[in-house]
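Shown next, in the form of structure tokens:
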């Protein structure tokens, strides 16, 4: 009889242990679902902010490209009103995102911008004698101009918000030895009065400025086609810098993390796709109160049955 009681007790303990194990894993799955849902919602908000930033820049560049004074190039030089309007558009853009410089460049002279705005000026005419583009940026702009001439040679009145635009590989402005002066060149074409490509309007956006738009958090902007990525401040200065930077550069998500994904970014760029690389360390999951509570409850149950 005593032996039977021991057997029944052992079977009961085994069943209760199994129930505790199942409940623990069910609690973990619920916590994991909530963690993923929360993480994705955060990432989508960051992705939306990055999209809004690039769309605002695109809209400003497109507006300048369609100014009547711009379309008269290269038949005549820029008039004062056009320069002042372009400067005010630059001023408005920099209120939302710190664009390093904005340039108007003719197709016939890609090495000599006819207009540059690289600081906020109000109530004064900008100087067109200085250009804020280094040689790497000018080479990229020349390549972008060639692409526009080959692929979008004529103005299409139906483009509207889909007005052509290009980014490219990151370029160095040559000011910082540690690579912190990496920048993105974002360009749109402008057309003469006959509707033919006559040049482009280009914005220089520093990588560190883009990094600020996706910070804090384990995020990055990635364009595998261009082989270029921009890590957030959290990744750049965190203890996991090397590991996360490698993943970000490849545009791939690591399977070892509970949450990681690449969210496609929707803004005009005819040759490349950009994405927001997003991840969270596994510790963020295991340190959640509901996960800690589930673990402690399971530990208590297993201890009581031991």
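Numbering (this note's numbering), first residue to last: 91 to 396.
A virtual CB, placed ideally from N, CA and C, is assigned to each residue, including glycine.
- Can at least three beta-carbon pairs, one atom from the stretch 239-246 and one from the stretch 113-124, be found at a separation below 8 Å? No, the stretch 239-246 is not in contact with the stretch 113-124.
- Message: Between the alpha carbons of residue 175 and residue 193, how many angstroms are there, rounded?
- Response: Along the chain shown, one-based indexing puts residue 175 at 85. Along the chain shown, one-based indexing puts residue 193 at 103. Each residue's alpha carbon lies about 13 Å from the other.
- Message: Give me, in chain order, the residues of the same chain whose beta-carbon lies closer than 8 Å to that of residue 347; leave out the 5 immediate sequence neighbours on both sides.
- Response: Within the chain shown, residue 347 is the residue found at index 257, counting from 1. The residues are 369, 370, 371 and 372.
- Using a threshold of 9 Å, state whether the C-beta atoms of residue 261 and residue 274 are closer than that. In the chain shown, the residue the question calls residue 261 occupies position 171. In the chain shown, the residue the question calls residue 274 occupies position 184. Yes. Within cutoff.
- Task: Please state if the CB of residue 317 and the CB of residue 332 are separated by a distance shorter than 9 Å.
- Result: The count along the chain shown starts at 1 and reaches residue 332 at position 242. The count along the chain shown starts at 1 and reaches residue 317 at position 227. It is not a contact, given that the beta carbons lie outside the stated cut-off.
- Task: Classify residue 348 as helix, strand or coil using the three-state DSSP reduction.
- Result: Stepping through the chain shown from its first residue, residue 348 is reached at position 258. Look at residue 348 here: in three-state DSSP terms it is coil, with no helix or strand label.
- Task: Go ahead and label residue 300 buried or exposed: buried means 16 or more other beta carbons lie within 10 angstroms of its beta carbon, across all protein chains shown.
- Result: Residue numbering aside, residue 300 sits at position 210 when the chain shown is read from its first letter. Flag for residue 300 reads buried.
- N-terminal and C-terminal residue of the alpha helix (DSSP H) that residue 272 is part of: Along the chain shown, one-based indexing puts residue 272 at 182. Note, residue 272: premise wrong, no alpha helix (DSSP H); beta strand (DSSP E) at 272-281.
- Query: Are residue 277 and residue 234 closer than 9 Å when you measure CB to CB?
  - Reply: The residue given as residue 277 occupies position 187 in the chain shown. The residue given as residue 234 occupies position 144 in the chain shown. Cβ distance < 9 Å, so residue 277 and residue 234 count as in contact.
- Message: Between which two residues does the alpha helix (DSSP H) holding residue 292 run?
- Response: The residue labelled residue 292 in the question sits at position 202 within the chain shown. No alpha helix (DSSP H) contains residue 292, which is instead part of the beta strand (DSSP E) from 287-296.
- Item | 8 Å contact criterion, which residue 160 and residue 154 should meet: CB distance rounded | Counting from one through the chain shown, the residue named residue 160 turns up at place 70. Counting from one through the chain shown, the residue named residue 154 turns up at place 64. About 6 Å; that satisfies the 8 Å criterion.
- One or two residues paired with residue 190 in a DSSP bridge: As a working note, residue 190 is residue 100 in the chain shown. Residue pairing by DSSP places residue 190 opposite no residue, since no beta bridge is assigned to it.
- Task: Entirely within the stretch 219-243 and at least 3 residues each: give me those beta strand (DSSP E) ranges in chain order.
- Result: Along the stretch 219-243, the beta strand (DSSP E) does not occur as any fully enclosed run of 3 or more residues.
- Spatial neighbours of residue 179 within its chain, please: CB distance less than 7 Å, with the 5 preceding and 5 following residues excluded, ordered by chain position. Residue 179 sits at position 89 when you count from the first residue of the chain shown. Here the set comprises 150, 153 and 154.
- Message: Just to confirm before moving on: does the CB-CB distance between residue 306 and residue 324 stay below 9 Å?
- Response: In the chain shown, residue 306 corresponds to position 216, counting from 1. In the chain shown, residue 324 corresponds to position 234, counting from 1. Result yes, Cβ atoms of residue 306 and residue 324 sit closer than 9 Å.
- Return the Cβ separation of residue 349 and residue 126 in integer angstroms, given the expectation that the two are a contact with Cβ distance under 8 Å. Against the chain shown, residue 349 aligns to sequence position 259. Against the chain shown, residue 126 aligns to sequence position 36. So it is a contact: roughly 6 Å between Cβ atoms.
- Task: Within the same chain, show all residues whose beta-carbon is closer than 8 Å to that of residue 319, passing over the 5 residues directly before and after it, in chain order.
- Result: Here residue 319 refers to the residue found at position 229 of the chain shown. Within the same chain, and ignoring the five residues on either side of residue 319 in sequence, the residues whose Cβ sits closer than 8 Å to its Cβ are 310, 311, 312, 313, 335, 338, 339, 341 and 367.
- Query: Of all the beta strand (DSSP E) runs that stay within the bounds of the stretch 120-170, which reach a length of 3 or more residues?
  - Reply: none
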